[in-house]
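K.L.:
For the sequence shown, my numbering assigns the number 422 to the initial residue and increments by one for each residue that follows.
The beta carbon of each residue, even a glycine, is placed where N, CA and C say it ideally should be.
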Amino acid sequence: MGFSSSLQGETAHEALLARQDAELRLLENMKRCLALRIKCDREYAISMNTVVLQAQKMDKVELAGSLVAQSWSTFIDESEKIIKSMKDNAEFLATTTLETLANLMAEKRNNRKCYYEEHTRICNDLNKLQDSVMRLRSDYEKALDQYNSAKSKLDEQKAKGSKRLDEYKDRFVKASKKLKLIHNDYVLSLCEAAEFERDMRTILLPGLLEHQQAVQEDTTDRWKMILQEIARCTNLANVRCQESQTKIEKGVNNIKSSEEYAEFIDRNKTSPPKPVLFKFDKSLLEQSSAMLPSSLKPNEIVVDECTIDILRTKCREQEVELKETKNKIKDKQTLLIQLDTEYQTVQFKSDALSISRKYALKKSMDLLKKEVNELRCIEQKVGKQIELISTSLSSMSSSAGSPGSGCDESPVCDTITNMMMDTLASPEDSMSQSSIGKKKSTQVISMLRKPFARKTESPVRTSNRVVHDPDDLHDNHSFPVGLLHNSGTHERTLEEELWFHGVLPREEVVRLLQHDGDFLVRETTRNDEKQIVLSVMWGSPKHFIVQLSPEGLFRFEGPAFNTIQELISHQFQSGSPVTSRSGAILKTPVLREKWELNNDDVELIEKIGRGNFGDVYKARLKPENISVAVKTCKVTLPDEQKKKFLQEGRILKQYEHPNIVRFIGICVQKQPIMIVMELVPGGSLLNYLRSNADKLPTKALLGMCVDAASGMEYLESKNCIHRDLAARNCLIGETNVVKISDFGMSREEEEYIVSDGLKQIPIKWTAPEALNYGKYTSLCDVWSYGVLAWEIFSKGGTPYQGMTNTRARELIDTGYRMPAPDGTPDEIYQLMLRCWQYESEDRPHFSEIHATVDLLYSRLFRRRVSGRSLAPMDAKSRAASLRSLRVNADGGGQAGAWINTLKHKISMRK
Ligand code: ADP
422 MGFSSSLQGE
432 TAHEALLARQ
442 DAELRLLENM
452 KRCLALRIKC
462 DREYAISMNT
472 VVLQAQKMDK
482 VELAGSLVAQ
492 SWSTFIDESE
502 KIIKSMKDNA
512 EFLATTTLET
522 LANLMAEKRN
532 NRKCYYEEHT
542 RICNDLNKLQ
552 DSVMRLRSDY
562 EKALDQYNSA
572 KSKLDEQKAK
582 GSKRLDEYKD
592 RFVKASKKLK
602 LIHNDYVLSL
612 CEAAEFERDM
622 RTILLPGLLE
632 HQQAVQEDTT
642 DRWKMILQEI
652 ARCTNLANVR
662 CQESQTKIEK
672 GVNNIKSSEE
682 YAEFIDRNKT
692 SPPKPVLFKF
702 DKSLLEQSSA
712 MLPSSLKPNE
722 IVVDECTIDI
732 LRTKCREQEV
742 ELKETKNKIK
752 DKQTLLIQLD
762 TEYQTVQFKS
772 DALSISRKYA
782 LKKSMDLLKK
792 EVNELRCIEQ
802 KVGKQIELIS
812 TSLSSMSSSA
822 GSPGSGCDES
832 PVCDTITNMM
842 MDTLASPEDS
852 MSQSSIGKKK
862 STQVISMLRK
872 PFARKTESPV
882 RTSNRVVHDP
892 DDLHDNHSFP
902 VGLLHNSGTH
912 ERTLEEELWF
922 HGVLPREEVV
932 RLLQHDGDFL
942 VRETTRNDEK
952 QIVLSVMWGS
962 PKHFIVQLSP
972 EGLFRFEGPA
982 FNTIQELISH
992 QFQSGSPVTS
1002 RSGAILKTPV
1012 LREKWELNND
1022 DVELIEKIGR
1032 GNFGDVYKAR
1042 LKPENISVAV
1052 KTCKVTLPDE
1062 QKKKFLQEGR
1072 ILKQYEHPNI
1082 VRFIGICVQK
1092 QPIMIVMELV
1102 PGGSLLNYLR
1112 SNADKLPTKA
1122 LLGMCVDAAS
1132 GMEYLESKNC
1142 IHRDLAARNC
1152 LIGETNVVKI
1162 SDFGMSREEE
1172 EYIVSDGLKQ
1182 IPIKWTAPEA
1192 LNYGKYTSLC
1202 DVWSYGVLAW
1212 EIFSKGGTPY
1222 QGMTNTRARE
1232 LIDTGYRMPA
1242 PDGTPDEIYQ
1252 LMLRCWQYES
1262 EDRPHFSEIH
1272 ATVDLLYSRL
1282 FRRRVSGRSL
1292 APMDAKSRAA
1302 SLRSLRVNAD
1312 GGGQAGAWIN
1322 TLKHKISMRK
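1. Quick one: does residue 655 have its CB under 8 angstroms from some CB of chain C?
2. Is it true that the CB of residue 561 sits closer than 8 angstroms to the CB of residue 574?
3. Checking the sheet assignment: what are the DSSP bridge partners for residue 959?
4. Taking the C-alpha atoms as reference points, what is the distance between residue 635 and residue 1112?
5. With a threshold of 16 other CB atoms inside 10 Å of the CB of residue 1024, please say whether the residue is buried or exposed.
6. Which residues share a DSSP beta bridge with residue 1017?
7. Could you check if residue 853 is buried or exposed, using at least 16 other CB atoms within 10 Å of its CB as the buried criterion?
8. Mapping DSSP to helix, strand and coil, what is residue 1159?
9. Between the C-alpha atoms of residue 683 and residue 695, what's the straight-line distance to the nearest angstrom?
10. Express the C-alpha separation of residue 751 and residue 850 in angstroms, rounding to a whole number.
11. Check each candidate in 576, 685 and 551 and name the one with the smallest Cα separation from residue 482.
12. Just to confirm before moving on: does the CB-CB distance between residue 1009 and residue 938 stay below 8 angstroms?
13. Quick check: does the Cβ of residue 1098 come within less than 7 angstroms of any heavy atom belonging to the ligand ADP?
14. Can the beta-carbon of residue 1264 be found closer than 8 angstroms to that of residue 1200?
15. Among the residues of its own chain, which have a CB less than 6 angstroms from the CB of residue 1331, if the five just before and after it don't count?
16. Pull up the distance between the alpha-carbon of residue 653 and that of residue 659, whole angstroms please.
17. Using only CA atoms, which one of 788, 1102, 1168 and 1203 lies nearest to residue 1147?
18. Quick one: grab the DSSP three-state call for residue 1054.
19. Could you tell me the alpha carbon to alpha carbon distance between residue 430 and residue 637, rounded to whole angstroms?
20. I want to check one thing, is the minimum distance from the CB of residue 1111 to the heavy atoms of the ligand ADP below 7 angstroms?
21. In chain order, which alpha helix (DSSP H) runs of at least 4 residues are fully inside the stretch 1062-1117?
22. With 16 other CB atoms within 10 Å as the buried threshold, where does residue 1167 fall?
23. Determine, using beta carbons only, whether residue 1219 and residue 1205 come nearer to each other than 8 angstroms.
24. Taking all protein chains shown into account, do 16 or more other C-beta atoms lie within 10 angstroms of the C-beta of residue 432, making it buried, or fewer, making it exposed?
25. Take the Cβ of residue 986 as the centre, count every other Cβ of all protein chains shown within 10 Å, and call the residue buried at 16 or more, exposed below.
26. List the residues that DSSP assigns as beta-bridge partners of residue 1036.
27. Enumerate in chain order the residues of its own chain whose CB-to-CB distance from residue 518 is below 8 angstroms, with the five nearest sequence positions on each side excluded.
28. To which residues does DSSP link residue 939 through a beta bridge?
29. Does the Cβ of residue 748 lie closer than 7 angstroms to at least one heavy atom of the ligand ADP?
30. Look at residue 606 and residue 565 and say whether their C-beta atoms are less than 8 angstroms apart.
31. With a threshold of 6 angstroms on Cβ separation, who are the neighbours of residue 426 within its own chain once the five nearest residues in sequence on each side are excluded?
32. Residue 593: which of 1136, 567, 604 and 610 sits nearest, CA to CA?
33. Any idea which residues DSSP pairs residue 1024 with across the strands?
34. Output the distance between the C-alpha atoms of residue 428 and residue 642, rounded to the nearest integer angstrom.
35. Quick one: what's residue 1153 bridged to in DSSP?
36. Whole angstroms are fine: how far does the CA of residue 743 sit from the CA of residue 796?
Here you go:
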């Protein structure tokens, strides 16, 4: 189908002409538009050049090293390139393409003309032939008439016998001849016309149309080439622009707020301003010493009848301020947590509203943190002033009875005592006699205390304790109160006493009391009220609640004291039984263990997860300045739950293995109680598998199985049953090292039978005998390990996908086992099936599992890289594992280093 076969008709001819006219108009329009486009691009390039010139006015020296400035520079440079490219293209279009377009137009116009003329010529030729045939026919008619007339006239003359017969004969002959000639002409003319007409239909017109089609298609090709050129030259997403765009984006993505000022800091590094010393100018007292009262001493507050009232008022005012400041801090911290919670929810959303909310929240949080810091400074400052005044008042009180104190003794002593009583008996703090309310206890432990000395000798159990301050241990034969008082001026709170163990659960306490006379003090809650308890080993562990007298004094059966420290000191020094019925005598204070950390030593930085008992945070352990992970326990949970929460810490603290998350300590000095552990930077293994599914080769997956097996082998050797082994409860560290975590359900027994139903049991991970009979052994963990390996190789898949727990359980009982995830090495799937043997004794132990997976790993990938453990743990592999431990403890081995420092410090003390 083409022009020649389809377009011979007259209307098609008209249409073809009209089409060519339209094409010519299109060409004309394109030419005009292209000229305009060229003009636009040229003008745009000129304007953009001005922008670039403006943008280049940058303070390059001052901003050296700034990633923002670098990114901006790249943006300008690349924009300049884009503009240059645009300008070049515009020039090319102007000089070349526009001309080609004009030529094409001229050619097309000419083609149309030729076609039209040729077509007209052919049609005219046919017309001429038609005219000629018609003319001859008319001549033919006339000749016929003439012939007939000549014939009849000749016949007439013949009949008459006319003399002019010859004349009529000649006329007849002529007419006859003419008729014959015309007849021939007519026949020839008809033949010619018929021939032409056939040729026109079959050769001439099709030939013309065929030629015309070829011509038009040829111009279409060239038209296309012109358009390609235009498209190329006006493409703002061309390779050159794309390269520039990529560079610009790379530059922007390079901006890291944490590195923005690195070079600037380096360049401008200075030492901090020298501290300004505010020293008492002793010359003030020397100049006229003879005339001055003897009580004026450098850096000491004068307490006598002239100053005591003012000091007392000041002390009260300061205490009010301190309380207000503490409240403000608390309020701001609560707000901070609320904002943080909201921040966590919008953090990963990408809609515009969430993004702007995220920045607003971040800003508010930063501001709040700054305000909290400022308030902390006030708290510190006011606290120091209170300490200074109250210490002076206190020493005045203690020396009030000694001769030569130089002032009216009894009133001062009374005043101080009264003041202390006032503090104790303020209305909002009144409470029951038998218990110590929170406010009271806080106030009491922070109030003025008399220093007291140790009379008897007793060994102090210090081997385990964390020594924060070298001055802490100055006398192994002194009572730990003295041990903590490094100078007479510092008053310690109860929390600061090393024999005070905070809210350490009773079970733990009992474990710490080993010999008769071992004692410690702790806090407990009964009927929502805080109580201070003295726990003593005397035959069996005995627990005595500190009683509060109506006057606000502390006592057991004997005398009452202002502070708990004094009460304990009295019991310890006097050697009298705590109660006559128990006969328990305090002999050896049990100091906090190295893992009992101060809550205040932990600074929560950001929430990284949510556990069963509370949020999990990335935090800083202030004394050692290392990053750690901290699990918090919601303050509102009942005591029973809190004990369960600490269970994990109790279990973890005995273990040290590169594939077990490392325990650092617990904070039980106050609420919220916390478990501090090594920060494993990758977080939950399950999330990691899911979010990195396409980046994890078999080697990495198998490595994870080796790590998990190694950790579990260790646990099995320690008779620890994890009971909740699953990818969600493993953590992933650097170099993809897997660490077993979440020991909340663990038990240290060879066999553990649960009788409290199957609440909260991870059915799909749990072995049949545990589900059916509540019987747990390490072989149940082996079953779970099989599911864990399945999760690893399915890159975070859901076991028994689409099945309810009940259905999965039923199927397992009938012999069903999950199929191998795609790409699982056959050996691993066989191992999974062995782990899922219905009878526990048919399953392999972890030692065998570890050896199997490690061997497979070695076979497939030669030796493991360092950072993974090998089975069995030979010296070399242990070294490698320890290396990994250090690397993974805090990205720089800080936790390991800290523990070494502690060990070193402790050994130095011995
Ligand atoms: P719980 O035992 O209370 O349920 P998990 O142990 O499951 O709490 O912890 C909750 C989440 O917190 C984990 O999934 C993980 O993302 C994060 N997390 C817990 N411990 C650590 C740690 N040591 N290092 C890094 N992230 C951790």
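P.N.:
For this structure:
1. Considering every chain present, this structure includes no chain C. It has just one protein chain.
2. No. Outside cutoff.
3. According to DSSP, which records beta bridges pairwise, residue 959 is partnered with 961.
4. Roughly 60 angstroms between the two C-alpha positions.
5. Burial call: exposed.
6. Beta bridge pairing from DSSP links residue 1017 with 1087.
7. Caution is warranted here: a pLDDT of 31 is assigned to residue 853, below 50, making its placement in the model unreliable, and no coordinate value can be reported.
8. Strand at residue 1159.
9. Going by the C-alpha atoms only, they are around 23 angstroms apart.
10. Confidence is the limiting factor: at residue 850 the pLDDT is only 31, short of 50, which leaves the residue's position unreliable and the question unanswerable from this model.
11. It is 685 whose Cα lies nearest to the Cα of residue 482.
12. Note that the C-beta distance between residue 1009 and residue 938 is below 8 angstroms.
13. Yes; taking the cut-off as 7 angstroms, the Cβ of residue 1098 has a heavy atom of the ligand ADP nearer than that.
14. It is a contact, given that the beta carbons lie within the stated cut-off.
15. In this predicted model, residue 1331 has a pLDDT of only 33, less than 50, meaning its place in the structure is not dependable; the value taken from the coordinates is given anyway. No residues qualify anywhere along the chain.
16. Residue 653 and residue 659 have their C-alpha atoms some 8 angstroms from each other.
17. Distances from the alpha-carbon of residue 1147 to those of 788, 1102, 1168 and 1203 put 1203 closest.
18. Here residue 1054 sits in coil by DSSP.
19. Put simply, the backbone Cα of residue 430 is about 19 angstroms away from that of residue 637.
20. When distances are taken from the beta-carbon of residue 1111 to the heavy atoms of the ligand ADP, even the shortest one reaches 7 angstroms or more.
21. As far as the stretch 1062-1117 is concerned, its whole alpha helix (DSSP H) runs of at least 4 residues are 1106-1112.
22. With at least 16 other beta carbons inside 10 angstroms of its own, residue 1167 counts as buried.
23. Cβ distance not < 8 angstroms, so residue 1219 and residue 1205 don't count as in contact.
24. Exposed.
25. By the neighbour-count rule (16 or more Cβ atoms within 10 Å), residue 986 is buried.
26. According to DSSP, which records beta bridges pairwise, residue 1036 is partnered with 1031.
27. For residue 518, where only same-chain residues beyond five positions count, the Cβ hits under 8 angstroms are 455, 647, 650, 651 and 654.
28. Its beta-bridge partners are 1009.
29. Taking non-hydrogen atoms of the ligand ADP into account, the C-beta of residue 748 is found less than 7 angstroms away from none of them.
30. Not closer than 8 angstroms, so no.
31. There are no such residues.
32. Nearest in C-alpha terms to residue 593, of all of 1136, 567, 604 and 610, is 567.
33. For residue 1024, the beta-bridge partners assigned by DSSP are 1041.
34. Note on geometry: alpha-carbon atoms of residue 428 and residue 642 lie some 21 angstroms from one another.
35. Beta-bridge pairing links residue 1153 to 1159.
36. In this model, residue 796 and residue 743 are separated by some 10 angstroms (Cα to Cα).
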